[in-house]
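Engineer:
In UniProt numbering, the protein residues as written are 1 to 158.
1) So, for residue 82: in the same chain, excluding its five sequence neighbours on each side, which residues have a beta-carbon less than 6 angstroms away from its beta-carbon?
2) Buried or exposed for residue 164, please, with buried defined as at least 16 other CB atoms from any protein chain shown within 10 angstroms of its CB.
3) How long is the line joining the alpha carbons of residue 2 and residue 76, rounded to whole angstroms?
4) Helix, strand or coil for residue 5, going by three-state DSSP, please let me know.
5) For residue 40, list the residues DSSP reports as bridge partners.
6) CA-CA distance, residue 12 and residue 140?
7) Taking the C-alpha atoms as reference points, what is the distance between residue 70 and residue 31?
8) Quick one: using the 10 Å Cβ neighbour count with 16 as the cut-off for buried, is residue 73 buried or exposed?
9) Go ahead and pull the three-state DSSP assignment for residue 78.
10) Could you spell out the range, first to last residue, of the alpha helix (DSSP H) harbouring residue 26?
11) Should residue 10 be labelled buried (16 or more other beta-carbon atoms within 10 Å of its own) or exposed?
12) When you compare the CB positions of residue 18 and residue 90, do they come within less than 7 angstroms of one another, or not?
13) With H, G and I counted as helix, E and B as strand and the rest as coil, what does DSSP make of residue 142?
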């Protein structure tokens, strides 16, 4: 057994919380003990992996990358079992539909938004293709709301 695997679960989960979720999931193949550790990480971080998986110049590959990202995010959120999420971060250059984001938020909201005693910062950045998105923000304790023009969604709770 390697030294890293000898560390307590709480410490391993803390270490995994600083790594993008895609890498957390990949580390689950190290051993049976690691198999479910990533599902308890209190932060879910997705960075766009379409650039490494496809050629953006080819429309078919771009569509495949969007589907892959969507399926990966949705599948990860379904398997994720942390009672409370401290952070959800999605950063992608791919165009995601509002219905996809709605599915993700439906899965997230009971664990993230409703468990958030104080929502301090909400960052919503929209697609680069002039998509207009309407949303309502109703958080009395919100200290910072940022709206920009690249698709990125980050919710931070404390």
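A virtual CB, placed ideally from N, CA and C, is assigned to each residue, including glycine.
Remember, predicted model here, so these are calculated numbers, not experimental data.
Structural biologist: Let me spell this out:
1) One-based indexing of the chain shown puts residue 82 at position 82. These residues qualify, in order along the chain: 40, 42.
2) The structure shown does not extend to residue 164, since the chain is modelled only from 1 through 158, so no value can be given for it.
3) Along the chain shown, one-based indexing puts residue 2 at 2. Along the chain shown, one-based indexing puts residue 76 at 76. About 27 angstroms.
4) Locating residue 5 in the chain shown gives position 5, where the first residue counts as 1. In this structure, residue 5 counts as helix in the three-state DSSP scheme.
5) The residue given as residue 40 occupies position 40 in the chain shown. DSSP, once it has assigned bridges, lists no residue as partnering residue 40.
6) Mapped onto the chain shown, residue 12 falls at position 12. Mapped onto the chain shown, residue 140 falls at position 140. Cα to Cα, residue 12 sits roughly 35 angstroms from residue 140.
7) The residue you call residue 70 lines up with position 70 of the chain shown. The residue you call residue 31 lines up with position 31 of the chain shown. Roughly 27 angstroms between the two C-alpha positions.
8) Within the chain shown, residue 73 is the residue found at index 73, counting from 1. Under this definition residue 73 is a buried residue.
9) Within the chain shown, the letter at position 78 stands for residue 78. Helix, per DSSP.
10) Residue numbering aside, residue 26 sits at position 26 when the chain shown is read from its first letter. Looking at the DSSP string, the run of the alpha helix (DSSP H) that includes residue 26 is 21 to 27.
11) As a first step, residue 10 must be located in the chain shown, where it is residue number 10. Exposed, by the Cβ-count rule.
12) For the purposes of this step, residue 18 is taken as the residue at position 18 of the chain shown. For the purposes of this step, residue 90 is taken as the residue at position 90 of the chain shown. For residue 18 and residue 90, no; Cβs fall outside 7 angstroms.
13) One-based indexing of the chain shown puts residue 142 at position 142. Here residue 142 sits in coil by DSSP.
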